[in-house]
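Asker: This structure is in structure tokens; I'll ask about it shortly.
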Amino acid sequence: MLISAVSASSAFAVPLIKTKTVTDWCTPLALKLPGVNVNDCLKSKLIPAGTNSLNGFPLLSRDWRADARHPHAIKVLLLGGIHGDEQTASAIVFKWLENIQKNDVTEFHWKIAPVVNPDGLLAAKPRRVNARGIDLNRNFPTPEWEKEAPAYWARVTRKDPRRYPGKAPISEPESRWVYDTIEKYKPDVIISVHAPFGVLDFDGPSKPPNRFGRLVYNRVGVYPGSLGNYSGLHKDIPVVTIELPNATQMPPEAEVQRIWQDMQKWIRQNIAAPVRTARNP
Numbered sequence: 001m002l003i004s005a006v007s008a009s010s011a012f013a014v015p016l017i018k019t020k021t022v023t024d025w026c027t028p029l030a031l032k033l034p035g036v037n038v039n040d041c042l043k044s045k046l047i048p049a050g051t052n053s054l055n056g057f058p059l060l061s062r063d064w065r066a067d068a069r070h071p072h073a074i075k076v077l078l079l080g081g082i083h084g085d086e087q088t089a090s091a092i093v094f095k096w097l098e099n100i101q102k103n104d105v106t107e108f109h110w111k112i113a114p115v116v117n118p119d120g121l122l123a124a125k126p127r128r129v130n131a132r133g134i135d136l137n138r139n140f141p142t143p144e145w146e147k148e149a150p151a152y153w154a155r156v157t158r159k160d161p162r163r164y165p166g167k168a169p170i171s172e173p174e175s176r177w178v179y180d181t182i183e184k185y186k187p188d189v190i191i192s193v194h195a196p197f198g199v200l201d202f203d204g205p206s207k208p209p210n211r212f213g214r215l216v217y218n219r220v221g222v223y224p225g226s227l228g229n230y231s232g233l234h235k236d237i238p239v240v241t242i243e244l245p246n247a248t249q250m251p252p253e254a255e256v257q258r259i260w261q262d263m264q265k266w267i268r269q270n271i272a273a274p275v276r277t278a279r280n281p
């Protein structure tokens with residue numbers, strides 16, 4: 001059975017599969033993601049995170065707890081695809097999900113959501129914004145958002161529709177899910193994958209990474225409503241933004257693995273594992 005996507009833009013008025021089974025979710029995602037097939041998606045064993053996009057597609061996530069040798073494991077929130085037209089930013093997270101499943105030893109506690117903006121990805125032509133035309137990475141509640149976010153959009157971006165922050169912070173179900181997840185999960189570090197600048201960005205406490213694979217640290221800057229601004233500067237949770245060099249073509253497999261290994265090494269060396277109590281699980 002098909003349902004029509006309800007959208008403020010006709011570009012989003014495309015049929016979506018009514019999501020009832022894992023295959024229903026994985027089939028449309030695999031059609032959009034480079035190097036990811038339906039079986040890759042099924043093997044990731046993602047489950048609905050409890051929030052649907054505006055068009056009714058569930059945000060999918062997976063938790064991996066560390067093994068018993070790491071009782072106070074570092075908690076990592078790994079996000080892909082906040083912008084729907086950055087397909088590699090979701091696809092590479094599926095590759096890393098596969099790595100975690102193959103590894104018998106898990107030293108970190110991972111919470112992973114590879115496709116934060118499914119409506120943007122699944123539009124007839126993938127779009128940066130969500131189904132309401134809002135840039136989710138300008139929709140987080142940074143200080144003075146009501147004044148600064150609209151002013152920045154008008155003055156700096158000249159009202160670029162690709163960077164519209166919305167009328168209020170966390171107005172969208174997708175950004176609200178990320179916000180609620182940060183509040184409940186309380187990650188020690190956030191990794192957010194984007195494309196296509198081909199650099200690493202960093203916000204918040206701790207030492208920035210020098211490089212992950214061929215990607216080197218080059219500060220992009222912060223914007224009103226961005227996740228790096230909100231979590232890194234306002235919440236003091238380190239945020240690494242991985243900007244892959246191409247939005248539609250995956251890096252070579254060896255580079256995918258180098259980024260993954262370098263990321264884990266940086267976390268291991270720079271993010272302290274807190275001592276958790278029963279009140280701070």
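Each step along the sequence shown adds one to the number in full-length UniProt numbering, with nothing skipped, and position 245 is 245. Backbone N, C-alpha and C define an ideal beta-carbon position, used for all residues, glycine too. Since the structure is predicted, the reported quantities are computational estimates derived from the model, not experimental observations.
Classify Q87: buried if its beta carbon has 16 or more other beta carbons within 10 angstroms, exposed otherwise.
Answerer: buried
Asker: Counting along the chain, where does the beta strand (DSSP E) carrying G50 start and finish?
Answerer: Where G50 is concerned, the enclosing beta strand (DSSP E) stretches over 47 to 52.
Asker: Does the beta carbon of G35 fall short of 8 Å from some heavy atom of the ligand MN?
Answerer: As presented, the structure is devoid of all ligands, the ligand MN included, so that no description of it is given.
Asker: Given a cut-off of 9 Å, decide if L200 and Y217 are closer than it, judged by their beta-carbon atoms.
Answerer: yes
Asker: Is it buried or exposed for E183, if we count other Cβ within 10 angstroms and need 16 for buried?
Answerer: exposed
Asker: Take P58 as the anchor and find which of N37, W177, V156 has the nearest alpha-carbon.
Answerer: In terms of CA proximity to P58, W177 leads the group N37, W177, V156.
Asker: If you compare alpha carbons, which of K125, L227, N210 is closest to I170?
Answerer: Considering only alpha carbons, the answer is L227.
Asker: Just tell me which of V116, N103, V240 has its CA closest to the CA of G56.
Answerer: V116
Asker: Does the distance from the CB of V36 to the CB of A30 come in under 9 Å?
Answerer: Result yes, Cβ atoms of V36 and A30 sit closer than 9 Å.
Asker: Using CA coordinates, which residue listed in A151, Q269, I259 is at the minimum distance from S206?
Answerer: Q269
Asker: Per DSSP, what kind of secondary structure is I3 in: helix, strand or coil?
Answerer: Any answer about I3 is weak, because its pLDDT of 34 lies below 50 and its placement is not dependable; what the coordinates show is given next. Three-state result, I3: strand.
Asker: Which first and last residues belong to the beta strand (DSSP E) in which P208 is found?
Answerer: Unbroken run through P208: none, as it is neither H nor E.
Asker: Return helix, strand or coil for I170, following the three-state DSSP convention.
Answerer: coil
Asker: What's the gap between the Cα of G204 and the Cα of K167?
Answerer: 26 Å
Asker: Between which two residues does the beta strand (DSSP E) holding L60 run?
Answerer: 58 to 64
Asker: Given this structure, state the Cα-to-Cα distance separating K99 from V189, to the nearest angstrom.
Answerer: It is worth fixing the name first, because residue 99 is Asn in this sequence and not Lys. Cα to Cα, the separation comes out at about 19 Å.
Asker: Quick check: the Cα distance between P114 and G81, rounded to an integer number of angstroms?
Answerer: 6 Å
Asker: Just to confirm the assignment: which complete alpha helix (DSSP H) runs, minimum length 4, are found wholly within the segment 172 to 231?
Answerer: Unbroken alpha helix (DSSP H) stretches of 4 residues or longer found wholly inside the segment 172 to 231: 173 to 185, given in chain order.
Asker: Quick check on this structure: which residue in H109, I242, A123, D63 has the alpha carbon closest to the alpha carbon of A195?
Answerer: I242
Asker: Quick check on DSSP: helix, strand or coil for T88?
Answerer: helix
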